[in-house]
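Working notes for the structure below.
Residue numbers (my numbering), protein chains in the order written: chain A, 153 to 630; chain B, 99 to 625.
Right under this line is the structure:
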């Protein structure tokens, strides 16, 4: 009757779903006054879901006849997703505090999105993938337009919805082509069918699937929605978008590319190489002229996706491990940067997003300025910060796979990217102080910033751990 | 562990690092004291290092080694040979002087300033002591961060442009080197620098690897035509920043050539020697002429640095003992002399707040002590016998003469032009009439400034009179590099042979025969 083994494997998603439903009831009856309580309970739910992933008791294997796969790869991605989701919940109340009441749906939507993302990275079948993707996307559309009264937020939600729906359509079309020509929607089935050469139909399917996924990871040339959505969405939501769904979509892309399309590496490799280089180049060049910090970080995320894709382009197990390490470091850097952005409030407590307002921050708020500088240098890939190590790993994988030219071009482009990160540091450290910000009001946020900055600075001591976890994740892929 | 029983290299890096953290939280006067104590402590450790460095015949090439594989893909591997030893000594010697030079002139954000300098010291020692390829790269690149901040925050009017230019130029040079390093580590299966120095890469690949490393070191050195960041950075940086830039950071380029390009890619080095020679010859003549027409003192010295560094590169690619030893001596001598010259500029800049040469004149009348020391450093920069630079330049040019007499000819004009621009500078500043009243009213050197300049002056004379102290530790290491490159060394155009004595006894003839057989290098050693 019940497939208990399968249910146990999907325990993280079950916990999140059940927790989300129960908390929805709590919110419905207790009202928005309980928003903070619901928030903390959501964090607890995420922690519980994360706890079920602990290798000591989590079972791994194929659930529901291969629809879902519980393995080290999925577990690693999920841990990153849950951490990012928890941080996005924790920082939210204070952001919504000024003038915009927090509503209890916020953490619940993030819980549902996390459940969807968990399905995405654990999918063993195109349909599970699609269900997870849509669950995540629907929650995300609502989150983007969470500040209904704000025009920019509503615009962000609408744009995200329209373009996201388009991407889903393209993806679904690709899946249907693959199904039509291979006769299967499971990764294993598609992989078997592709291993004996690629028919035109299969090639089209592959291209459409990758296009849909490129939308989701906001890789050039399917990145257009990113800056607008990042700018318009409330900052905690932007922090969430830039971290958790990126991990989920990248994890998903890696799994689809390596497992379902493992037989056609040479075909998708060209696509991935192009997309990676285009993202790096465009993300670097387009960011230079930005004046809004959230928009700038949006381009930075496009740029970073490009670097992560270089690891995938290598098409090796080592490359996959590099992508996973990259994502882990990227999540810390991005969350740290957005936590700093959340601190940018004028004397009345209203959020400021102008880069120019950062001028002379190093003289008004030393600690924040130092943390900001650490994240920016790290994103620029300057050692001895962890951002360098992330790039090191993907380029190492590319060099090992014989793609020296790709690595050389990519790393040369990272110098272009360094320019705009430097521009922020210049504003913070070299310019004369501007009006200044309100003093830090939340110890919790300050502590989170301090922790992420510390991880970025002394992260090299965790290298052996990161290496072994990423290697285990990569080895879990078939 | 090592000869001393404690990890001295790590300690030398930890002391300034701890000082840097303290400075961040200290008040301005405290920060100055902390920085001075930390750098002096490092100087003492440096002396200890030098005194305990085994220089006896047949000593181990790598000493004070430390190894801790704590970073996964690479290791905390430390160790020095004689070449690294002398450069570390130069670093720890210049650092307290830099702190003293900033004592009064830096007024805003003192804690952060001192922290940046101390962090810089940690990284510079790290560069010279690292024995792991990627550890070296991390220290090499990380130095950009404090230097960017030093130029950008405490620099002159045009500091922001200069800081960007410095950062992006050097970064672009270095990233290609990283790709080459990744490839090398794969190919050789090791990130250990001594292992890689003994590994023979395929000559075809060496070409590419050499070019990637060259991109980095040529920018750092800096070689013409990628030197343009240097005058900007020097002019805008605060005095101590210029001292550390000229004194130590430029030496990282030369160190890179000695440590990586020459022993790891000997065939490619021989293949590209003409390129290095060509660029260096242009640099010597061109930048010397540019220096001649400068009206800004710092810019003049900055251009002279490019010319002196070109003599280093020709010496390095001479493929013989004299050339490489000479290049090392020029690096050490130039580190002291150009540092001292920047300090001399800083001394009068602090009084009059201009670097315009025309605003000064006749300083020997009201600042006799200053004029004396400035004279010493000017002469040292020109390469007067008895000063440090003479030894280095003479050896380097002698070395390159064996490789190519034309290169030696052109490079030697650098000394003549150097005399021209330096003496012209000195005449305009110290001699002549006291045409500006405010310049004529400047007081002579304060005790603090004497404490900064006199030790450098004494070292310059020591290095000029008894260079053996500095040549002895590195001799065996240079020999090892020359031996490593010998199979690939291009044949020089100077066919030196030992002279033929009139009445030659039998054993002499034997000796002569081996000399001729051994080629120009051994013949040159024999005299």
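Virtual Cβ for every residue (Gly too), placed ideally from N, Cα, C.
Anything in chain A within Cβ reach of residue i, meaning under 7 Å, just list it in chain order.
{"i": "residue 239 (chain B)", "result": "534, 535"}
{"i": "residue 284 (chain B)", "result": "551, 552"}
To the nearest angstrom, how far is it from the Cα of residue i to the Cα of residue j?
{"i": "residue 429 (chain A)", "j": "residue 595 (chain B)", "result": "58 Å"}
{"i": "residue 527 (chain B)", "j": "residue 538 (chain B)", "result": "11 Å"}
{"i": "residue 163 (chain A)", "j": "residue 170 (chain A)", "result": "10 Å"}
{"i": "residue 238 (chain A)", "j": "residue 194 (chain A)", "result": "8 Å"}
{"i": "residue 99 (chain B)", "j": "residue 179 (chain B)", "result": "Bear in mind that a pLDDT of 46 at residue 99 (chain B), under 50, signals an unreliable position, so the number given afterwards is only what the model happens to contain. The alpha-carbon atoms of residue 99 (chain B) and residue 179 (chain B) are separated by roughly 16 Å."}
{"i": "residue 622 (chain A)", "j": "residue 613 (chain A)", "result": "15 Å"}
{"i": "residue 538 (chain A)", "j": "residue 507 (chain B)", "result": "49 Å"}
{"i": "residue 273 (chain B)", "j": "residue 290 (chain A)", "result": "41 Å"}
{"i": "residue 300 (chain B)", "j": "residue 194 (chain B)", "result": "45 Å"}
{"i": "residue 399 (chain B)", "j": "residue 563 (chain A)", "result": "34 Å"}
{"i": "residue 609 (chain B)", "j": "residue 555 (chain B)", "result": "With a pLDDT of 49 at residue 609 (chain B), under the threshold of 50, the predicted position of this residue should be treated as unreliable, though the coordinate-derived value follows. Taking the straight line joining both Cα atoms gives about 43 Å."}
{"i": "residue 362 (chain B)", "j": "residue 295 (chain B)", "result": "5 Å"}
{"i": "residue 166 (chain B)", "j": "residue 173 (chain B)", "result": "6 Å"}
{"i": "residue 244 (chain A)", "j": "residue 567 (chain A)", "result": "34 Å"}
{"i": "residue 240 (chain B)", "j": "residue 532 (chain A)", "result": "12 Å"}
{"i": "residue 210 (chain A)", "j": "residue 157 (chain A)", "result": "11 Å"}
{"i": "residue 626 (chain A)", "j": "residue 247 (chain A)", "result": "37 Å"}
{"i": "residue 625 (chain B)", "j": "residue 597 (chain B)", "result": "With a pLDDT of 44 at residue 625 (chain B), under the threshold of 50, the modelled position of this residue cannot be trusted, and the question is left open."}
{"i": "residue 205 (chain B)", "j": "residue 448 (chain B)", "result": "12 Å"}
{"i": "residue 632 (chain A)", "j": "residue 499 (chain B)", "result": "What the structure shows of chain A is the stretch from 153 to 630, and residue 632 (chain A) is not part of that stretch, so it cannot be assessed."}
Quick one: measure Cβ to Cβ for residue i and residue j, integer angstroms, because I've assumed they're closer than 8 Å.
{"i": "residue 331 (chain B)", "j": "residue 348 (chain B)", "result": "So it is not a contact: roughly 11 Å between Cβ atoms."}
{"i": "residue 478 (chain B)", "j": "residue 486 (chain B)", "result": "6 Å"}
{"i": "residue 411 (chain A)", "j": "residue 343 (chain A)", "result": "6 Å"}
{"i": "residue 410 (chain B)", "j": "residue 428 (chain B)", "result": "5 Å"}
{"i": "residue 549 (chain A)", "j": "residue 628 (chain A)", "result": "Between residue 628 (chain A) and residue 549 (chain A) the Cβ distance is about 17 Å, and since that is not below 8 Å, they are no contact."}
{"i": "residue 216 (chain B)", "j": "residue 338 (chain B)", "result": "Not really, about 12 Å apart at Cβ, beyond 8 Å."}
{"i": "residue 486 (chain A)", "j": "residue 345 (chain A)", "result": "Actually they are not in contact, since the Cβ atoms of residue 486 (chain A) and residue 345 (chain A) sit about 38 Å apart, beyond 8 Å."}
{"i": "residue 304 (chain B)", "j": "residue 419 (chain B)", "result": "At roughly 23 Å, the Cβ-Cβ gap does not stay under 8 Å, so residue 304 (chain B) and residue 419 (chain B) are not in contact."}
{"i": "residue 527 (chain A)", "j": "residue 489 (chain A)", "result": "5 Å"}
{"i": "residue 507 (chain A)", "j": "residue 444 (chain A)", "result": "7 Å"}
{"i": "residue 569 (chain A)", "j": "residue 436 (chain A)", "result": "4 Å"}
{"i": "residue 298 (chain A)", "j": "residue 386 (chain A)", "result": "6 Å"}
Residue i touches chain A at which residues, Cβ-Cβ below 8 Å?
{"i": "residue 281 (chain B)", "result": "551, 556"}
{"i": "residue 243 (chain B)", "result": "529, 534"}
Determine, using beta carbons only, whether residue i comes closer than 8 Å to chain A.
{"i": "residue 333 (chain B)", "result": "no"}
{"i": "residue 120 (chain B)", "result": "no"}
{"i": "residue 277 (chain B)", "result": "yes"}
{"i": "residue 273 (chain B)", "result": "yes"}
{"i": "residue 307 (chain B)", "result": "no"}
{"i": "residue 521 (chain B)", "result": "no"}
{"i": "residue 398 (chain B)", "result": "no"}
{"i": "residue 269 (chain B)", "result": "yes"}
Starting from residue i, find everything on chain B with Cβ-Cβ shorter than 8 Å and list it in chain order.
{"i": "residue 582 (chain A)", "result": "250, 251, 257, 258, 261"}
{"i": "residue 446 (chain A)", "result": "Near residue 446 (chain A) there are no residues of chain B at all, since even the closest Cβ is about 24 Å away, more than 8 Å."}
{"i": "residue 578 (chain A)", "result": "250, 258, 261, 262"}
Name the chain B residues whose beta carbon is nearer than 7 Å to that of residue i?
{"i": "residue 612 (chain A)", "result": "169"}
{"i": "residue 616 (chain A)", "result": "170"}
With 8 Å as the threshold, decide whether the Cβ of residue i is near any Cβ in chain B.
{"i": "residue 500 (chain A)", "result": "no"}
{"i": "residue 311 (chain A)", "result": "no"}
{"i": "residue 398 (chain A)", "result": "no"}
{"i": "residue 380 (chain A)", "result": "no"}
{"i": "residue 368 (chain A)", "result": "no"}
{"i": "residue 277 (chain A)", "result": "no"}
{"i": "residue 619 (chain A)", "result": "yes"}
Handout entry: Residues, ordered as in the chain, of the segment 541 to 554 of chain A that lie near chain B by beta-carbon distance below 7 Å
Key = 547, 548, 551, 552
Handout entry: Residues of the segment 246 to 267 of chain B with Cβ closer than 8 Å to any Cβ of chain A, in chain order
Key = 246, 247, 250, 251, 257, 258, 261, 262, 265, 266
Practice task
Output, in sequence order along the chain, the residues in the segment 160 to 187 of chain B whose CB is closer than 9 Å to any CB in chain A.
Solution key: 167, 168, 169, 170, 171, 172
Handout entry: Near-chain E residues of the segment 219 to 240 of chain B (beta-carbon distance less than 9 Å), N- to C-terminal order
Key = Among the protein chains in the structure shown, which are A and B, there is no chain E.
Problem - Cβ-based contacts, 7 Å cut-off: residues of the segment 558 to 576 of chain A near chain B - result: 559, 560, 563, 564, 566, 567, 570, 571, 574
Problem - Interface positions of the segment 105 to 135 of chain B facing chain A (Cβ-Cβ less than 7 Å), listed along the chain - result: none
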